[in-house]
Amino acid sequence: MIEVVDLVKEYEGTPAVQGLSFTVQPGEVLGLVGPNGAGKTTTMRCITGILQPTGGGVRVAGADIVRDPVEAKRHLAFIPDDPQLFDYLTIREHLLFFGRVFNVPDVADQSTRLLEELELTGKEDMLPGQLSRGMKQKVAIACGLIHRPKAVLFDEPLTGLDPVAIRRIKQTIKQLAADGSAVIISSHLLGLVEEIATSLLLLQNGKKVLHGTIAEVRASIPDLQGGNLESIFLRATGYDQPEASS
Amino acid sequence: MIDRSLMYLAARQSIGGLKYRLSRLKNPRYLVPAVLAIAYFWMSFGFAGLRSSERPPADVAPLLRLFVGPGLGLLFAMTWGFSPGRPAPAFSRAEAGQLFMLPVSRRALITYRLLRPQLSFLLVAGLAALGASRSADVNPLFAAGGAYVVVNLLSLNAMAASLLCNRMKRRGVPSILQAWPGLLIAAWVVVPLALNWRSFERGSEPIYAWLRERMTGGMAATVHWPLKQLGNIVGATDLSTFGIGVLSGVVACTALFALCMLIVAPFEEEALKIAEAGGRKLDAMKRGGGAAGLRLSRLKNARSTRFPLSPTGKLWRGVFWQTLVGEWRVGTWKIASVVAAVVLGFSFFIDNLGSNTGVALMAMSLSGLFAAMLVLMSPRLMVTGLHTELRFLPVLKALPMRGAELLRGKVRAGALLTSLPAFLFIAAMSQAAYHFSTSIRDASVSQLQPILGGMVLGAITGIPTLAMLMISLESSAVLLFPAWLASAQSEPGFETIGRNLLSFLVRAIAGSIMLIIPALFFGAGLGGGVALDHLTLGIAAGSWLASIVLLAEIELLMHLMGKRFDNMDASPESA
């Protein structure tokens, strides 16, 4: 569903992503992790077409994001870490607008379903300025899911949310995968990734360090068998060196 | 009373801010606008000190001495009058969030708050000196010193007013009664002037002598003595007058500072509320710009629109709907349309007055005032393109639509919103012009009527097309120079003047170039009309032809800029 081939992105000559390749299949939840500045957000923005890759390619549902961006974006949803909502539109108007942009014929039914699912019912006439951060995040998710996307990208989806909202959004992500969407989650919350991701991609300095299913990743560092994702992360990124054998 | 750590903070904040602003001049994005801003000030003030032979023989000092004192008195009164709504000192969000938790006294916090803007006050003093250099009789040094004392006095007055209101609020005094010091000060300023009132008799005395008698004679001579001394600080021409003025100012500052220290009461809760509200307004202004941002920060209740949007169809119509619904809610167009309708109403009123010239004059003055309001609103009316949605570029870029479609929706919605008040305004102006052309029995003036008729007909297509041109140029600037415009919104400063000038110049040049071919078509239409001896039709036909050509050019521009949008990096970092 999402196919990244030899992706390169440079900012004025400084490489942010270097030759990255991976695929995400329908029903798969890929956890994209890495230290700050590893290139996670740049990768996500290249996949969504917000940034133009310097080299390599990205295909979403078979459409190339550079050559045929409109077709590729029709199948995509990107939920950024800082939900950007239009200040002057109410929640209902947001859903109507996104429904129109994605040509969703049953936008009214779909809106009602999403509002209920994300516990936003009764807030349809509110402006973003009247909502808490968590509520805004839910609205951004509702806007992203209005067209039943085949590929969904979440950038730090749980930042600033309360436990109830966290549980709700985790359920939504799992449901998306169960319905056949390819999901990528970029997060520093390794517990979250461990809980809902089926595969893992660890980036450092724009390069792939580890990639595979959670089991494959665990198996790749034999002396940490049984350890949690945090131990694997620290070891793979060089922040936690193995003790020298005496 | 003065906490050393807070002193350090105030100094570091001022110096750090100055250093940052200077260091960012290495970047052409700031350097070019800064150079332009300096050039603007050079042309405005002329730096008379460098070419003293050109200094005009002004008589500014006597006027300053007359008006600065009572003007300051009224400012003091207004500050006290508005303080019940802001019953605490104004701290920034960061200050409120950090400093209130520190083990420092409230008096130290107030002292810090008074010291913090001193660098800005010095800048004001410098500008006063620069302004004074244009006048032959105002000493720049006196003007600078006077301005510095005056701004400190205003700052201390605002602090004292907010602290006293805070104290009264804590004691349960109703807001309406908290304004009593303001009323007292206003009475102190206005009553002696009112008692001095006598109408001006033209020809019997010079206007300055009449003014001086009204402002300083009778009761005002004694009651306004302190105010007069404050006026003397800025408008002094000799050292002794300046000295007495400064001494009075320093005494007033000391008294107000002592009052602040005396009446201070717990203000943190109210100050936090004010800081939050101020921060929200600032955020909203950065996002929405000016008045629209302010209105947005106050917008509490909304109801989803009933304006329909079909779930499928052309994508630009979705953007058109989003812009129309959102921008209409913010309200600048609503206000502008009402103002334009009022101007139109006045124009009909004047037309039906007959010979009552007094009322006509009043109505004309009012319509002139409203027209000026409309002109002031016009920059905001033009900003409906991508300018206010810079931070949404990544969101818009992630949507499955071409840049040209996005621009088409934005530009067409903006043109529609701008056209309504513009049509009303043009109708009002035409009505007024028609009134005068019929009331003056002069053959050359009455020939205006066919021209006016043609202009009104031509405006039907001309106004929306010109609005589209302006908005498409605005959006093109966003797409071509996103970083420049983003920094203008998020980091305002001295360079903003230059940046606005540059932006205006670039758009004016681009717009003029785009108008060359339509102007030729207008000329052709007009020529045809003149040949057929039908001026009205000629102007209208010329305007319609020009509009069609201009529309084609705008479509081409949107196509090119749409391609630019499709290929650009739209991350917040790159913007």
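Residue numbers (this note's numbering), protein chains in the order written: chain A, 1 to 246; chain B, 1001 to 1575. A virtual CB, placed ideally from N, CA and C, is assigned to each residue, including glycine.
Chain B contact residues for Glu93 of chain A, given Cβ-Cβ distances below 7 Å: Along the first sequence, one-based indexing puts residue 93 of chain A at 93. Near Glu93 of chain A (Cβ distances below 7 Å), the residues of chain B are Ser1304, Thr1305, Val1325.
Cutoff 8 Å: Tyr88 of chain A Cβ touching any chain B Cβ: Translated into positions along the first sequence, residue 88 of chain A becomes position 88. Chain B contact via Cβ: present.
Comparing the CB of Arg168 of chain A with every heavy atom of the ligand ATP, is any distance shorter than 7 Å? Summarising the ligand content, the structure contains no ligands, and the ligand ATP is consequently not present.
So, helix, strand or coil for Glu1268 of chain B, using DSSP? Here residue 1268 of chain B refers to the residue found at position 268 when the second sequence is read from its first residue. In this structure, Glu1268 of chain B counts as helix in the three-state DSSP scheme.
Three-state secondary structure (DSSP) of Val1330 of chain B: Position 330 of the second sequence holds residue 1330 of chain B. In the structure shown, Val1330 of chain B sits in a helix (DSSP, three-state: H, G or I).
Bounding residues of the beta strand (DSSP E) (the contiguous stretch that carries Val247 of chain A): Coverage of chain A is limited to positions 1 through 246, which leaves residue 247 of chain A absent and any answer about it impossible.
Using a beta-carbon distance below 8 Å, is Glu124 of chain A in contact with chain B? Sequence index remark: in the first sequence, residue 124 of chain A carries index 124 (1-based). It does; some Cβ of chain B falls within 8 Å.
For Thr1079 of chain B, count neighbouring Cβ atoms within 10 angstroms of its own Cβ and tell me buried if that reaches 16, exposed if not. Working through the second sequence from its first residue, we reach residue 1079 of chain B at position 79. Classification for Thr1079 of chain B: buried.
Taking a Cβ distance cut-off of 7 Å, strictly less, list which residues of the stretch 37 to 49 of chain A are near chain B, in chain order. Arg45, Thr48, Gly49
Does the CB of Pro15 of chain A have a neighbour CB from chain B at under 8 Å? One-based indexing of the first sequence puts residue 15 of chain A at position 15. No, Pro15 of chain A does not count as interfacial toward chain B.
What residues from chain B crowd round Gly247 of chain A, counting only those whose CB sits closer than 8 Å? Only positions 1 to 246 of chain A appear in this structure, which leaves residue 247 of chain A out of reach.
Cβ pair Cys1260 of chain B, Leu1156 of chain B closer than 8 Å: The count along the second sequence starts at 1 and reaches residue 1260 of chain B at position 260. The count along the second sequence starts at 1 and reaches residue 1156 of chain B at position 156. Yes, the Cβ-Cβ distance between Cys1260 of chain B and Leu1156 of chain B is below 8 Å.
Could you tell me whether any Cβ in chain A is nearer than 8 Å to the Cβ of Asp1569 of chain B? Taking the first residue of the second sequence as 1, we reach residue 1569 of chain B at position 569. Yes, because at least one Cβ of chain A sits closer than 8 Å to the Cβ of Asp1569 of chain B.
Measuring alpha carbon to alpha carbon, tell me which of B:Ala1415, B:Gln1449, B:Leu1480, B:Leu1066 ends up nearest Asp1569 of chain B. Counting from 1 along the second sequence, the entry for residue 1569 of chain B is found at position 569. Nearest of B:Ala1415, B:Gln1449, B:Leu1480, B:Leu1066 to Asp1569 of chain B, Cα basis: B:Leu1480.
Is Phe154 of chain A near Ile185 of chain A, with beta carbons less than 8 Å apart? Here residue 154 of chain A refers to the residue found at position 154 when the first sequence is read from its first residue. Here residue 185 of chain A refers to the residue found at position 185 when the first sequence is read from its first residue. Cβ distance < 8 Å, so Phe154 of chain A and Ile185 of chain A count as in contact.
Going by DSSP, name the residue or residues bridged to Ala182 of chain A. What you label residue 182 of chain A is simply residue 182 of the first sequence in a count that begins at 1. Its beta-bridge partners are A:Ala151.
Taking a cut of 7 Å between CB atoms, which residues from the stretch 97 to 120 of chain A lie near chain B? Phe97, Gly99, Arg100, Val101, Phe102, Asn103, Val104, Pro105, Val107
Could you tell me the boundaries of the alpha helix (DSSP H) in which Val1138 of chain B lies? For this step, residue 1138 of chain B is matched to residue 138 along the second sequence. Premise fails: Val1138 of chain B is in no alpha helix (DSSP H) and is neither H nor E.
Keeping to the same chain, check which residues put their C-beta closer than 6 Å to that of Ala236 of chain A; ignore five residues upstream and five downstream. Along the first sequence, one-based indexing puts residue 236 of chain A at 236. Leu202, Val209, Leu210, listed in sequence order.
Counting only Cβ pairs nearer than 8 Å, list the residues of chain A close to Leu1272 of chain B. The count along the second sequence starts at 1 and reaches residue 1272 of chain B at position 272. Result: empty, since nearest Cβ-Cβ is about 18 Å, beyond 8 Å.
Is there at least one Cβ from chain B nearer than 8 Å to Arg59 of chain A's Cβ? Numbered from 1 along the first sequence, position 59 holds the residue referred to as residue 59 of chain A. It does not: the Cβ of Arg59 of chain A has no partner Cβ on chain B nearer than 8 Å.
Quick check: is the beta carbon of Lys1397 of chain B nearer than 8 Å to any beta carbon in chain A? Locating residue 1397 of chain B in the second sequence gives position 397, counting from the first residue. So, interface residue.
Expressed to the nearest angstrom, what Euclidean distance is found between the alpha-carbon atoms of Gly1049 of chain B and Phe1565 of chain B? Against the second sequence, residue 1049 of chain B aligns to sequence position 49. Against the second sequence, residue 1565 of chain B aligns to sequence position 565. For Gly1049 of chain B, the predicted model reports a pLDDT of 48, less than 50, meaning its position is unreliable and no value from the coordinates is stated.
Rounded to whole angstroms, what's the CA-CA distance from Glu71 of chain A to Ile173 of chain A? Just pull it up for me. The sequence position of residue 71 of chain A within the first sequence is 71, counting from 1. The sequence position of residue 173 of chain A within the first sequence is 173, counting from 1. Taking the straight line from one Cα to the other gives about 23 Å.
Put Lys207 of chain A into one of helix, strand or coil per three-state DSSP. Taking the first residue of the first sequence as position 1, residue 207 of chain A is located at position 207. If DSSP states are grouped into helix, strand and coil, Lys207 of chain A belongs with the strands.
Below 8 Å between beta carbons: does that hold for Thr54 of chain A and Glu3 of chain A? Here residue 54 of chain A corresponds to residue number 54 of the first sequence, with the count starting at 1. Here residue 3 of chain A corresponds to residue number 3 of the first sequence, with the count starting at 1. Cβ atoms of Thr54 of chain A and Glu3 of chain A: not closer than 8 Å.
If the criterion is Cβ atoms closer than 8 Å, does the pair Glu1539 of chain B and Leu1526 of chain B meet it? What you label residue 1539 of chain B is simply residue 539 of the second sequence in a count that begins at 1. What you label residue 1526 of chain B is simply residue 526 of the second sequence in a count that begins at 1. Per the sequence presented here, residue 1539 of chain B reads as Ile, with Glu not at that position. In contact: Ile1539 of chain B and Leu1526 of chain B (Cβ atoms closer than 8 Å).
Over what stretch of residues does the alpha helix (DSSP H) that includes Tyr239 of chain A continue unbroken? Start at 1 with the first residue of the first sequence, and residue 239 of chain A comes out as number 239. No alpha helix (DSSP H) contains Tyr239 of chain A, which DSSP labels as neither H nor E.
Can you pull the chain A neighbours of Val1330 of chain B, defined as C-beta to C-beta under 7 Å? Taking the second sequence and counting its residues from 1, the one referred to as residue 1330 of chain B is at position 330. Tyr88, listed in chain order.
Any beta carbon from chain C within less than 8 Å of Leu200 of chain A's own beta carbon? The structure shown has no chain C; the protein chains it does contain are A and B.
Cβ neighbour criterion (16 or more within 10 Å) applied to Leu120 of chain A: What you label residue 120 of chain A is simply residue 120 of the first sequence in a count that begins at 1. Flag for Leu120 of chain A reads buried.
Strictly below 9 Å CB to CB, what residues from chain B border Leu176 of chain A? To locate residue 176 of chain A, count along the first sequence from 1; it is residue 176. Under the 9 Å cutoff, chain B gives no residues; its nearest Cβ is about 17 Å from Leu176 of chain A.
Range of the contiguous alpha helix (DSSP H) that encloses Tyr1020 of chain B: Working through the second sequence from its first residue, we reach residue 1020 of chain B at position 20. First-last of the alpha helix (DSSP H) with Tyr1020 of chain B: 1004 to 1023.
Who does Val29 of chain A pair with in a DSSP beta bridge? Translated into positions along the first sequence, residue 29 of chain A becomes position 29. According to DSSP, which records beta bridges pairwise, Val29 of chain A is partnered with A:Val183.
Three or more C-beta pairs under 8 Å: does that hold for the stretch 1170 to 1187 of chain B against the stretch 1021 to 1038 of chain B? no
Excluding the 5 residues preceding and the 5 following Ile1426 of chain B in the sequence, name in chain order all residues of the same chain whose CB lies nearer than 8 Å to its CB. Working through the second sequence from its first residue, we reach residue 1426 of chain B at position 426. Hits under 8 Å: Met1455, Val1456, Ala1459, Ile1463.
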